[in-house]
Structure formats: C-alpha cells, structure tokens
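Residues in the sequence shown are numbered consecutively from 1, following UniProt numbering.
Report on the following structure.
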Amino acid sequence: MERIALRLREFVVATDEYRKAMATAAGMGTNEATTLGEILHQGPLPPSALVKRLGITSASVTALLDRLEAAGMVERRAHDTDRRSVLVSLTARGHGVVSTMFAMFDADVMSAVREASPEHIAEFSAVLGRISAGLRARAHDADGIVATLSDGSRTRPSGSPEIG
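What follows is the structure, encoded as structure tokens:
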C-alpha cells in the first residue's frame with residue numbers, strides 16, 4: 001500500500017512539472033494556466049471563484065486577470081444578474097490555447113495507457129476517482145488536519161526543529 005502512495009506522489013510531482021512546462025511554453029505562469037483551465041471547464045467565473053481556487057489574494061487575481069486580458073486570453077464583462085460583479089470568460093485566443101493544452105494532456109495520457117486492457121483502464125479510473133474523493137474530503141476537514149498534525153508534532157524525533 002505504501003507503494004501506491006509513493007507512486008501517487010510521483011504522479012503529482014510529474015503533473016506539476018507538466019503544468020509548469022505547458023504554462024512556460026505558452027508564455028504564462030501556472031496560475032494563469034490554471035485560471036484558463038478553470039474557465040474552460042467551469043464556464044465564465046467571477047474573480048472571487050478564482051481567488052478561492054488559486055489560493056491567492058484578490059489583488060493578485062486582479063493583477064493576473066490584467067495580464068491575461070492584456071495577452072488577449074480572457075475578457076471581463078458585467079455579470080448578468082449581479083451589477084456589482086463581473087464574470088471572466090475566455091476569448092477565442094484563450095480558448096484555443098487552453099484547449100490545445102488539454103488536448104495534448106489527453107493525448108499524452110492515452111499514449112501512456114494505450115497497451116492496458118479496457119478493464120484495467122476502467123478499474124484504474126475508478127480507483128483514481130476514489131482517491132480524488134478521499135483527498136478532497138481530507139482537504140475540506142481543516143479541523144481534522146490540524147488535529148492530526150498536532151498529534152504528529154508530539155511524536156517528532158527529539159532534536160527536530162519545531163515549525164512556527
């Protein structure tokens with residue numbers, strides 16, 4: 001079982017490297033690329049949704065959107081039902097860039113599993129779904145994370161520095 005966690009960590013690191021390489025090749029940072037991907041998959045979003053997804057300040061999201069807008073990747077328009085809010089949507093250029101990134105990702109994933117049987121792919125997909133659900137559940141349990149980390153700090157090896 002530990003090997004699964006190790007392989008999953010390797011996968012996470014590899015996907016992080018992949019995202020950075022894609023973003024760099026497109027002339028942007030990973031937060032900009034993530035923003036384009038979120039809008040592609042979720043549709044037009046208010047900046048507040050991007051603040052939550054990216055985990056950065058609203059001022060940072062504003063600066064990020066300014067850069068993407070100047071590059072012709074997104075546009076901001078008035079929200080249809082909330083006059084106080086704007087929605088960020090992809091331009092044709094932004095849609096083309098991010099769609100190409102995801103098409104490359106899909107092709108690379110399919111290439112890696114091409115030799116696997118359909119049954120193995122179906123099971124692997126189901127397992128990935130369960131892992132994702134478990135990780136999301138943990139991510140939304142802030143109190144449980146704090147408690148577990150707190151318990152773990154009591155068992156750290158002597159001489160280990162305390163963080164904070």
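We treat Cβ as the ideally placed atom computed from N, Cα and C, and that holds for glycine.
DSSP three-state assignment for residue i, whether helix, strand or coil
{"i": "A137", "result": "helix"}
{"i": "A78", "result": "strand"}
{"i": "S117", "result": "coil"}
{"i": "I56", "result": "coil"}
{"i": "M22", "result": "helix"}
{"i": "R67", "result": "helix"}
{"i": "R83", "result": "coil"}
Cβ of residue i within 8 Å of any chain B Cβ
{"i": "S132", "result": "The structure shown contains no chain B; it is built from a single protein chain."}
Residue i versus residue j - alpha carbon distance
{"i": "T62", "j": "P47", "result": "8 Å"}
{"i": "L50", "j": "R3", "result": "34 Å"}
{"i": "S19", "j": "H140", "result": "Correcting the residue identity first, residue 19 is Arg in this sequence and not Ser. Using only the alpha carbons, I get a separation of about 24 Å."}
{"i": "L54", "j": "L40", "result": "15 Å"}
{"i": "T148", "j": "D80", "result": "44 Å"}
{"i": "L68", "j": "V127", "result": "36 Å"}
{"i": "S117", "j": "G129", "result": "18 Å"}
Beta-ladder partner(s) of residue i, from DSSP
{"i": "S89", "result": "E75"}
{"i": "L45", "result": "V88"}
Classification of residue i by the beta-carbon crowding that lies within 10 angstroms, buried from 16 upward
{"i": "A33", "result": "buried"}
{"i": "V88", "result": "buried"}
{"i": "T35", "result": "buried"}
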